[in-house]
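These notes are about the structure you will find just below.
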Amino acid sequence: MNICERALELNREPQLKPYIDIPRMAQISQRMIRESLDAFVREDTDLALKVCKDDQQVDDLNSQIFRETISFMIEDPHTINRAMKIGFISKYLERIADHATNIAEMVIFLVKGKSIRHLKELPQSI
Numbered sequence: 000m001n002i003c004e005r006a007l008e009l010n011r012e013p014q015l016k017p018y019i020d021i022p023r024m025a026q027i028s029q030r031m032i033r034e035s036l037d038a039f040v041r042e043d044t045d046l047a048l049k050v051c052k053d054d055q056q057v058d059d060l061n062s063q064i065f066r067e068t069i070s071f072m073i074e075d076p077h078t079i080n081r082a083m084k085i086g087f088i089s090k091y092l093e094r095i096a097d098h099a100t101n102i103a104e105m106v107i108f109l110v111k112g113k114s115i116r117h118l119k120e121l122p123q124s125i
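Under numbering that gives the first Met the number 0, the first residue of the sequence shown carries the number 0, and numbering increases by one thereafter.
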């Protein structure tokens with residue numbers, strides 16, 4: 000199953016909440032993919048580092064959506080199905096952002112020979 004299938008299913012049901020964060024996550028994730036590929040083609044470590052830093056925005060939105068959907072499910076068990084679908088979409092978008100980050104980390108390693116994976120804090124510059 001994927002994002003499109005979940006979205007089609009959600010469109011057949013009443014909206015659980017306004018879909019504001021999901022489109023925002025999608026925009027950020029798309030931009031991250033585009034920028035990570037641009038960084039690869041240009042060997043641009045500054046752009047790659049930006050992609051790595053942008054991942055936190057998507058992670059934060061994913062956590063927020065998780066908390067919100069859990070709240071909906073606790074308050075009204077009839078919302079579980081819709082809330083789970085929203086949660087799945089959020090998780091899929093978060094994984095896309097993670098893939099973009101992985102590409103960006105590999106660009107930095109390829110160009111500079113430095114591994115920034117698993118660092119608790121990202122450097123300001125490479």
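Each residue gets a CB set at the ideal place from its N, CA and C atoms; glycine is no exception.
Check	Outcome
How about Ser-89 and Ile-19: are their beta carbons less than 8 Å apart?	no
Apart from the five residues just before and just after Ile-125, which ones in its own chain have a Cβ nearer than 6 Å to its Cβ?	Thr-44, Leu-48, Ile-107, Lys-111
In terms of residue numbering, what span does the alpha helix (DSSP H) encompassing Ile-88 cover?	79-111
Below 8 Å, how does it come out for the stretch 33-40 and the stretch 68-84: are there three or more Cβ pairs, yes or no?	no
Can you tell me the Cβ-Cβ gap for Tyr-91 and Asn-1, rounded? I've got them flagged as a contact below 8 Å.	7 Å
Comparing C-alpha positions only, which one of Ile-95, Phe-87, Gln-26, Asp-53 sits nearest to Gln-123?	Asp-53
Nearest-angstrom Cα distance between Ile-85 and Asp-97?	18 Å
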